[in-house]
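Asker:
Numbering (the working numbering), first residue to last: 204 to 1013.
(1) Where does residue 672 sit, in a helix, a strand or coil, going by DSSP?
(2) So residue 409 packs on residue 618, CB below 8 Å; how close in whole Å?
(3) Reducing DSSP to helix, strand and coil, say where residue 677 ends up.
(4) Output needed for residue 436: all residues of its chain with C-beta closer than 7 Å, excluding positions within five of it in sequence on either side, in chain order.
(5) Hey, how far is the Cα of residue 575 from the Cα of residue 471?
(6) What residues in its chain sit with their C-beta under 6 Å from that of residue 729, if we drop five residues either side in the sequence?
(7) Could you tell me the boundaries of the alpha helix (DSSP H) in which residue 925 lies?
(8) What does DSSP give as the partner residue(s) for residue 510 in the beta ladder?
(9) Residues in the same chain with beta-carbon distance under 8 Å from residue 443, minus the five sequence neighbours each way, listed in chain order, please.
(10) Should residue 859 be labelled buried (16 or more other beta-carbon atoms within 10 Å of its own) or exposed?
(11) Report buried or exposed for residue 781, applying the criterion of at least 16 other Cβ atoms within 10 angstroms of its Cβ.
(12) State the CB to CB distance for the pair residue 867 and residue 900, rounded to an integer number of angstroms; the pair is presumed to be in contact (CB under 8 Å).
(13) Would you list the residues sitting across from residue 311 in a DSSP beta bridge?
(14) Relative to the C-alpha of residue 550, which candidate in 663, 567, 580, 910 has its C-alpha closest?
(15) Contact defined as beta carbons within less than 8 Å: I believe residue 384 pairs with residue 490. What is the distance between those atoms, to the nearest angstrom?
(16) According to DSSP, residue 435 sits in a beta bridge with which residue or residues?
(17) Excluding the 5 residues flanking residue 904 on each side, which residues of the same chain have their C-beta closer than 6 Å to its C-beta?
(18) Apart from the five residues on each side of it in sequence, which residues of its chain come closer than 8 Å, Cβ to Cβ, to residue 236?
(19) So which of 554, 644, 979, 257 has the shortest CA-CA distance to residue 654?
(20) Quick test of your reading: residue 516 and residue 613, contact by CB under 8 Å. State the CB separation rounded to the nearest angstrom.
(21) I'd like to check one pair, residue 763 with residue 786: are the Cβ atoms closer than 8 Å?
(22) Give the C-beta separation of residue 531 and residue 542 to the nearest angstrom, bearing in mind that I take them to be a contact with Cβ-Cβ under 8 Å.
(23) For residue 607, report the span of its beta strand (DSSP E) as first-last.
(24) Whole angstroms is fine: what's the gap from residue 433's alpha carbon to residue 687's?
(25) To which residues does DSSP link residue 565 through a beta bridge?
(26) Would you call the CB atoms of residue 685 and residue 597 closer than 8 Å?
(27) Using a Cβ-Cβ cut-off of 8 Å (strictly less than) and excluding sequence neighbours within five positions of residue 375, which residues of its own chain qualify?
(28) Which same chain residues end up closer than 6 Å to residue 467 when comparing Cβ atoms and leaving out the 5 residues on each side of it in sequence?
(29) When you compare each of 769, 713, 717 to residue 740 by their alpha carbons, which one comes out closest?
(30) Ignoring anything shorter than 3 residues, give me the beta strand (DSSP E) runs that lie fully in the stretch 508 to 547, in order along the chain.
(31) What residues in its chain sit with their C-beta under 8 Å from that of residue 407, if we drop five residues either side in the sequence?
(32) What span of residues does the beta strand (DSSP E) with residue 405 cover, start to end?
(33) Figure out for me which residue from 677, 952, 604, 610 has the closest Cα to the Cα of residue 630.
(34) What are the boundary residues of the alpha helix (DSSP H) that includes residue 712?
(35) To the nearest angstrom, how far is the alpha carbon of residue 902 from that of residue 885?
(36) Provide the residue(s) that pair with residue 641 in DSSP beta bridges, ordered along the chain.
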């Protein structure tokens, strides 16, 4: 049965506010305007909280109806404090929350939005001004009275007790040497006796250790500040608590500064003015811990030259440009392992490999490591390998790290609940993204928004430290990725999921065919993941085309993974043939086992013939011819190249004819028939220009350069190699760049430009080594000949010669 949540909450709040004693002994009575305003606030809070859950559309509609459409009188509960309001709302919503949604987090979000709505009304001069005062003061009365007593004792104790304003040190503080040195340096730049205040923020994802680091650094620095330190938890991301309003935070800070409760003004502006006035002549550290956002922090900055403010938050404080921000990441692997041992008990014996694995599965996140280590400490008979088994379960890892619904999962839920509905939806949709790099175009198609909006959403997620910016896009930690996948699984309805997948699929297929080498270089991991995670039959053409281009760009492992995938999962002969041919090419290009390459080419030819694809069979024959040429079997290579040329001409396959003609030219170069080789390379170049095949043009130009070099025409050779190098750079053909640098180096050596030759050979060597090719040894040999060459000698002019047949090929 539906409940009247709005009526119930309005009744609770107004009754409690009407009977509750507020500051100065006044009593607050609420008339009809206030009740109506509060009813509007509660309704908006419920609607926004439901929208922010990301529930499927029908589930969200049912939950809104259950919470907003009352049937009959609402049961009243006695409510006297803010905490009781929270408990009452939690009791009301719990029976109606669907599976997958945490009732406590959801009810806290409703209460938090109610508080914000009341605050917004009060700031605008609305009828709920007095209600805003009650909401935060009533629940804090006992705590504030305790502060009064504490402050009185502190005044009597004198200045020697200033460190009591900071929490105690963490006994097992571990590592952080570099980041702590960085923070110390930033804090040390502030001069308490100087003319300017300073504000430093430590931001990072939940559980990364911001408060621990900030307090550690503050305790080290507080000795320079005569008036000690202030510390306040702003509850921006505290489980079960709404963020502290700036007015409430100012009251606590004023009381800590010595103001009595009855002397603190009610108006927010007056409180801020009083705070700034009191701190103007003081020299103190103020730690504003667990801030929600810049709006919460702004009114609390004292602006006093003698004050150093340290803020911690899960959100970047981009709206406060004067803040010096330090972004805190997870621990280093060594520090993470040390923290585990210190928490679990250093007296126990551990296998270093198991500890290393536990730390890795905890993503090196301090919160996660502490949870696992504490549990292991309390279960002394349970071996660490059993802990590893639990953490290795991808679906259950977050639950293992989230005892009682808190821990890592609770931290991530709170972060997403605070950032709004649209960023939360974007985060869920990223769970459908196949790869590790998130970029605006892909999110734009997933979320069906413009690229500009997608960029804004990604920045928002990064501002909340759920994503990490990189030079090419955004990535996230493993635990965050597991959380994103779970959110996607549980909170996206099937229709939206299918539509988003279809949009992303269509975009990847289109852009993979049309993209520049720069795009493919950046997106290679995503593209491979997309192909491996999709139905093979639907993406086979895209995947094999991408594998061919990745091979050209020198990303051989990526290409090999795609070729092997489609070879194994596709049953049609044509697809298997293309995959086998690609694998043969990879073996050839990376100088693997010749027999293995010939086997792959032969299998590809058989599959092509079985599929009735004569062009494909001729292309596979070219692969066999290449291997014959590489092994020095020139006669066999010549016959196969000629057969392939005739087949391509008969089938009017211009690109295939150009490729086979290039092979004939390479053999003729090796045999010393330079005039025929030159004509063949020129004919291949004409054919490749007709089809616009830039890769072929680059190889043809390089072949003409090799012929010119062998003929002793160094000017022509340099021109051709430079043209080939430029084309290779345009299409991102790294191996071709290295080949042409090698050719240009030989030309430079032959013309006694030894310094230039050394530079060119060195650049070629760097590329070969980067690609992991055995041709690096050729570059080293060339460098060695330059080192012993003397200008004007025979060695200097010819060096190791030009291995025309080989270099025109691979």
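For every residue, glycine included, the Cβ atom is placed at its ideal position computed from N, Cα and C. Note that the coordinates shown come from a computational prediction; the quantities given were computed from them, not determined experimentally.
Answerer: Reading from the atomic positions:
(1) strand
(2) 6 Å
(3) strand
(4) 492, 493
(5) 44 Å
(6) 638, 640
(7) 917 to 934
(8) 487
(9) 289, 307, 311
(10) buried
(11) buried
(12) Between residue 900 and residue 867 the Cβ distance is about 17 Å, and since that is not below 8 Å, they are no contact.
(13) Residue 311 is not bridged to any residue.
(14) 580
(15) About 19 Å; that fails the 8 Å criterion.
(16) 491
(17) 923, 926, 927
(18) 330
(19) 644
(20) Contact flag wrong, Cβ pair sits at about 17 Å.
(21) yes
(22) Going by Cβ atoms, the distance from residue 531 to residue 542 rounds to 14 Å, so no, they are not a contact pair.
(23) Careful: residue 607 lies outside any beta strand (DSSP E) and carries neither H nor E.
(24) 37 Å
(25) Looking at the DSSP assignment, residue 565 forms no beta bridge with any residue, so it has no partner.
(26) yes
(27) 542, 545, 546
(28) 454, 457
(29) 769
(30) 510 to 516, 527 to 530
(31) 413, 517, 530, 531, 532, 668
(32) 401 to 406
(33) 677
(34) 697 to 717
(35) 11 Å
(36) 677
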